[in-house]
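Below: the structure, in structure tokens.
Numbering (our numbering), first residue to last: 6 to 214.
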């Protein structure tokens, strides 16, 4: 058997009647390592959707902004919010709401590149970091995501399915902001404008007021 697994090695030494003795204990710690890996995953991912969580989102945004500064490359941020989510929860219940959040996360992951970061920002809000993507490309990407979500019926149990829509705000580095918090704020303002304009649409910060 050539199976490789982690071990913990404990050594002890003692002397008796001028003779030196040694003992070794080897323990298989596969289960412990798996548990530690799971804890590490949970620390940076949202428990419901499996997406990156709020704290890890900011960590990755700072990292990507630093890279963008170093290589003088563009970066865009999408902020998406489920339209009328409170009403959906009130009508169909929170279990249905959770199913919608999980399905939405899957659709977002399906739509983005491996180099992008999709996160659950909080509640029914999601953020997507798009390295090497300028505003125009981000708007097109946002439209693809919006269209994908609006075209997919989501099963909420008991044979019921509903359609949902999202509003998306877009902000870009460096023209809209150069700091993480300000870039998020600009994307949030663009999202608010999308909501005010009728929902189920994508708005760039440059069009927001």
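Virtual Cβ for every residue (Gly too), placed ideally from N, Cα, C.
Fewer than three pairs of CB atoms, one per stretch, sit closer than 8 Å, so the region 90-101 makes no contact with the region 19-38.
In this structure the region 97-117 does not lie against the region 192-210, because fewer than three pairs of beta carbons, one per stretch, are closer than 8 Å.
With distances taken between CA atoms, residue 165 lies nearest to 98 out of 65, 98, 74, 82. Annotation for residue 84: the continuous beta strand (DSSP E) segment containing it runs 80-87. Assignment of residue 200 by DSSP, reduced to helix, strand and coil, places it in the helix class.
Taking C-beta separations shorter than 6 Å and ignoring five residues to either side along the sequence, the partners of residue 61 in its chain run 49, following chain order. A contact between stretches requires three or more CB pairs, one per stretch, nearer than 8 Å, and the region 185-194 fails this requirement with the region 148-157. Counting C-beta pairs with one atom in each stretch, the region 56-71 and the region 125-144 have three or more that are closer than 8 Å, which means they touch.
With respect to the C-alpha of residue 39, the residue from 11, 179, 167 having the closest C-alpha is 11. Less than 8 Å divides the Cβ of residue 136 from the Cβ of residue 72. In the three-state DSSP reduction, residue 168 falls in the coil class, being neither helix nor strand. Looking at the backbone, the Cα of residue 30 and that of residue 143 are separated by about 57 Å.
Under the three-state reduction of DSSP output, residue 144 falls in the helix class. Straight through space, the alpha carbons of residue 80 and residue 209 are spaced by roughly 14 Å. For residue 131, there is no enclosing alpha helix (DSSP H); the residue is found in the beta strand (DSSP E) stretching over 130-136. Residue 82 and residue 54 have their C-alpha atoms spaced approximately 20 Å apart. Straight through space, the alpha carbons of residue 34 and residue 16 are spaced by roughly 16 Å. Its Cα nearest to that of residue 77, the residue 179 stands out among 149, 184, 179, 9.
Going by beta carbons, residue 123 and residue 114 fall inside the 8 Å limit. Taken atom to atom, the span from the alpha-carbon of residue 168 to that of residue 152 is near 11 Å.
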